[in-house]
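Engineer: Here it is, the structure in full.
Residue numbers (the working numbering), protein chains in the order written: chain A, 184 to 558; chain B, 30 to 403.
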């Protein structure tokens, strides 16, 4: 009998072509639209309805079954609330990573398996090589940064049909097969935040608390902010800095370099060479190491997640050695050589310090070894 | 293309388009301006309103032009200073406003017709407004409005005899019916009536609310005092000229069209497998609502779209929002019947050849789905 694949269909071209390829490869394909939480604006036309219709339209065209699975409640609890609590703690979390870990490769995976799936599939640009997560062929589209926390058990039953393709070829294939969404505009940013932007979104849930923006070198007040939690280390835009500060306005922009949550002060600097901006060490928490080849004494073996809901099966026993790897500090970021020592990444050359709460993801060549969350 | 979704939108007819054209360019003046060319535009506008009003047995001054039926329905509810009753199958532009005012729905029977006893039971002394669409937009069901009006007259008399001062008004959204039924405000006994240009081969974004003399509405926008002060804003002259032309056309072709649609409906019912959801005795001639139990009708919509046949499941809004149709639920259909219901609405773009072809393609799509389900 044909193997059954449940493919997550978002209405975009990537997951549509994924479904198309699986169908062509002879799988029995079931398309699933995952209804995740989105902010309910009273009386507003619902933003996901069009995506759902696009997904269904493609499923009908391919002649495959199509279902809508409602994960709104779980998505809110596991992704949105996690994100809010991280922001409140002064961090800058990555909800996409949490969505993959908790929703797409957990809830969706588990429900698909219960429904008789042999595999799940998504339209992510990523590959699985010998059971290991690997970067996509299209390096400009690679999404492994968002996938490093996906459980190995789920990966074992996952297909990434377009991971070996270039995006332009995906679009071409969609067009050749008459898929109407071949050139649909790509969704940008965090899905549930939508058009309004993260800060406006957060303001709905976190009270505004005005405070001072100070220049870190001089402690001089250079402006005011609406709450330190809304600002991110490295941020340059959206700072309300008063016109001419100090004796000479250098014209250089201010960067957020530090936050004092207790005193509600945001510290900024114009000195791009400040020691607060550059660092050669990053301390991590919740380090997850995916393959045994990655030898490390970093992973302490404690549970790696943020919600306490996860199985401990994905924590590997630490190996008492250290090794080199390549590290990516943001989606599609540069691959930087580093060494992991006791949960601390050590870089040969100084790097710009990323915001706490972001992830550092480790690679060995094209294999994604795992990662951790920056403290 | 075979377009079978005339209840969702109609193309602007050639005559309507031609009538509108000068008012975009040569006769662009603001009707409120002082010079003579503007006065001409102003009087053309008033004349056009007169044409629309005349079609429902009213005068130009009795109607308030709005940007479509939704706005007209919202305006109608601006009188509210008390309770409202509305038919359970009303369009969202009535239902949502009524719900905001804590309105109570009136039951419908399995054909979507108002249950008059339920209406009687629910009218108490606090009720100020009752809203019942002349014809439903998902089923085509025609309501016995004059019977509703008779009940309202009884209640009014009773209130007077007991010294109860609360007024009671009847509002009806006649958007779907204007080109298929004789709509006359006096005969229907309504105090407020909504019309929509976009459903009768006029331009979109234009509609109106008929307001009888004893109803006092509150303005929905303040400004220059246009539309009797109820809806300020420079007049949409080309839109209203087009609406008026469309209304004229509708009256001229009504009888011929009704006969034609009844004929087409017969053909579809003979050739299609699905069963009809409501009794056609009380339904608009251009509505064919079929149920294919066990089939997901939305899949049929997408399959047919590939063949250039455009049809609908329930109301377009309901289909898009991923929620079940409140109309089909109100007539007591099961989830599987709701999922399997397909709405075909005939119109002036159709001819007999198209109808046979559509029937063939719909049957084919149904076969594809039945085959897929095994």
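Ideal Cβ placement from N, Cα and C applies to all residues, glycine included.
The model shown is predicted, which means the values in this text are computed figures rather than measured ones.
With a threshold of 6 Å on Cβ separation, who are the neighbours of residue 89 (chain B) within its own chain once the five nearest residues in sequence on each side are excluded?
Structural biologist: Result list for residue 89 (chain B): 75, 78, 79 and 82, in chain order.
Engineer: Whose C-beta lies closer than 7 Å to the C-beta of residue 253 (chain A) among residues of the same chain, with five residues either side of it excluded?
Structural biologist: For residue 253 (chain A), where only same-chain residues beyond five positions count, the Cβ hits under 7 Å are 218.
Engineer: In whole angstroms, give me the CA-to-CA distance for residue 278 (chain B) and residue 269 (chain B).
Structural biologist: Between residue 278 (chain B) and residue 269 (chain B), the C-alpha separation is close to 14 Å.
Engineer: Can a CB atom of chain B be found closer than 7 Å to the CB of residue 243 (chain A)?
Structural biologist: Chain B contact via Cβ: present.
Engineer: Looking only at its own chain, which residues have a Cβ that is under 6 Å from the Cβ of residue 466 (chain A), when we skip the five neighbours before and after it?
Structural biologist: Taken in chain order, the residues that qualify are 527 and 558.
Engineer: What does the alpha-carbon distance come out to for the pair residue 188 (chain A) and residue 335 (chain A)?
Structural biologist: Using only the alpha carbons, I get a separation of about 18 Å.
Engineer: Indicate whether residue 310 (chain A) and residue 300 (chain A) have their beta-carbon atoms separated by less than 7 Å.
Structural biologist: Contact flag unset, no.
Engineer: When the distance is taken between beta carbons, is residue 236 (chain A) closer than 7 Å to residue 192 (chain A)?
Structural biologist: Contact: no.
Engineer: Mind pulling the alpha helix (DSSP H) runs of 4 or more residues that sit fully within the stretch 198 to 249 of chain B?
Structural biologist: Counting only runs of 4 or more, we get 214 to 217.
Engineer: Between residue 184 (chain B) and the rest of its own chain, which residues show a CB-CB distance below 7 Å, the 5 nearest in sequence each way excluded?
Structural biologist: Taken in chain order, the residues that qualify are 152 and 197.
Engineer: Go ahead and pull the three-state DSSP assignment for residue 366 (chain B).
Structural biologist: Looking at residue 366 (chain B) - three-state DSSP - the assignment turns out to be helix.
Engineer: Taking only three categories from DSSP, how would you classify residue 88 (chain B)?
Structural biologist: Correct three-state label for residue 88 (chain B): coil.
Engineer: When the distance is taken between beta carbons, is residue 263 (chain A) closer than 7 Å to residue 220 (chain A)?
Structural biologist: Yes.
Engineer: So, is the C-beta of residue 106 (chain B) closer than 7 Å to a C-beta in chain A?
Structural biologist: No - not a single Cβ of chain A is within 7 Å of the one on residue 106 (chain B).
Engineer: Evaluate residue 231 (chain B) with the Cβ neighbour count: other Cβ atoms within 10 Å of its Cβ, from every protein chain shown; 16 or more gives buried, anything less gives exposed.
Structural biologist: The residue in question, residue 231 (chain B), is buried, as its Cβ has 16 or more Cβ neighbours within 10 Å.
Engineer: Is the Cβ-Cβ distance between residue 449 (chain A) and residue 408 (chain A) less than 7 Å?
Structural biologist: Yes, Cβ-Cβ distance for residue 449 (chain A) and residue 408 (chain A) is below 7 Å.
Engineer: Just list the beta strand (DSSP E) runs in the stretch 260 to 341 of chain A, keeping only unbroken ones of 3 residues or longer that don't cross its boundaries, in chain order.
Structural biologist: 302 to 304, 309 to 312 and 315 to 318, all fully within the stretch 260 to 341 of chain A.
Engineer: My output table needs one value for residue 38 (chain B): the three-state DSSP class, helix, strand or coil.
Structural biologist: Correct three-state label for residue 38 (chain B): coil.
Engineer: For residue 192 (chain B), count the other beta carbons within 10 Å of its own beta carbon; 16 or more makes it buried, fewer makes it exposed. Which is it?
Structural biologist: By the 10 Å Cβ count, residue 192 (chain B) comes out exposed.
Engineer: Determine, using beta carbons only, whether residue 354 (chain A) and residue 321 (chain A) come nearer to each other than 7 Å.
Structural biologist: Not in contact: residue 354 (chain A) and residue 321 (chain A) (Cβ atoms no closer than 7 Å).
Engineer: In the structure shown, what three-state DSSP assignment does residue 343 (chain A) receive?
Structural biologist: Three-state result, residue 343 (chain A): coil.
Engineer: Output the distance between the C-alpha atoms of residue 389 (chain B) and residue 122 (chain B), rounded to the nearest integer angstrom.
Structural biologist: Their Cα atoms are separated by approximately 36 Å.
Engineer: Taking a contact to mean a Cβ-Cβ separation below 7 Å, would you say residue 291 (chain A) touches residue 333 (chain A) in this structure?
Structural biologist: Against a cut-off of 7 Å, the Cβ pair of residue 333 (chain A) and residue 291 (chain A) comes out as no contact.
Engineer: Do residue 51 (chain B) and the ligand MG come close, with the Cβ less than 6 Å from some heavy atom?
Structural biologist: The ligand MG is not among the ligands present in this structure, which contains no ligands whatsoever.
Engineer: Below 8 Å, can you find three or more Cβ-Cβ pairs linking the stretch 237 to 247 of chain B to the stretch 538 to 546 of chain A?
Structural biologist: As far as the Cβ criterion goes, the stretch 237 to 247 of chain B does not touch the stretch 538 to 546 of chain A, which means the pair count is below three.
Engineer: Residue 203 (chain A) by DSSP, collapsed to three states: which one?
Structural biologist: The answer is helix: DSSP assigns residue 203 (chain A) an H, G or I state.
Engineer: Taking 7 Å as the threshold (beta carbon to beta carbon), is residue 513 (chain A) in contact with chain B?
Structural biologist: No, no contact with chain B.
Engineer: Report all residues from its chain with a CB closer than 6 Å to the CB of residue 258 (chain A); omit the five preceding and five following residues, and keep chain order.
Structural biologist: So the qualifying residues of the chain are 219, 220 and 286.
Engineer: Within 7 Å (strictly less), CB to CB, does residue 347 (chain B) reach chain A?
Structural biologist: Here residue 347 (chain B) scores only 41 on pLDDT, less than 50, and its place in the model should not be relied on; the value that follows carries that caveat. Residue 347 (chain B) does not count as touching chain A.
Engineer: Taking residue 406 (chain B) as the query, report the chain A residues whose CB atoms sit under 7 Å from its CB, ordered along the chain.
Structural biologist: Because chain B spans 30 through 403 in this model, residue 406 (chain B) falls outside it and cannot be assessed.
Engineer: Are the beta-carbon atoms of residue 374 (chain B) and residue 315 (chain B) separated by less than 7 Å?
Structural biologist: Yes; because the gap between Cβ atoms is below 7 Å, this pair is in contact.
Engineer: Looking at the C-beta of residue 261 (chain A), does it have a partner C-beta in chain B at a distance below 7 Å?
Structural biologist: Chain B, which has no Cβ nearer than 7 Å to the Cβ of residue 261 (chain A), makes this no.
Engineer: If we count the other Cβ atoms within 10 Å of its Cβ and call it buried at 16 or more, is residue 116 (chain B) buried or exposed?
Structural biologist: It is buried - the Cβ of residue 116 (chain B) has at least 16 other Cβ atoms within 10 Å.
Engineer: I'd like to know whether the C-beta atoms of residue 216 (chain A) and residue 551 (chain A) end up nearer to each other than 7 Å.
Structural biologist: No. Outside cutoff.
Engineer: Which residues in the same chain as residue 40 (chain B) place their Cβ atom closer than 7 Å to its Cβ, once the five residues preceding and following it in sequence are excluded?
Structural biologist: The answer, listed in chain order, is 230 and 378.
Engineer: Would you kindly work out how many angstroms separate the C-alpha atoms of residue 485 (chain A) and residue 469 (chain A), rounded to a whole number?
Structural biologist: Summary for residue 485 (chain A): the model assigns pLDDT 39, below 50, so the residue's position carries little reliability, and this model does not support an answer.
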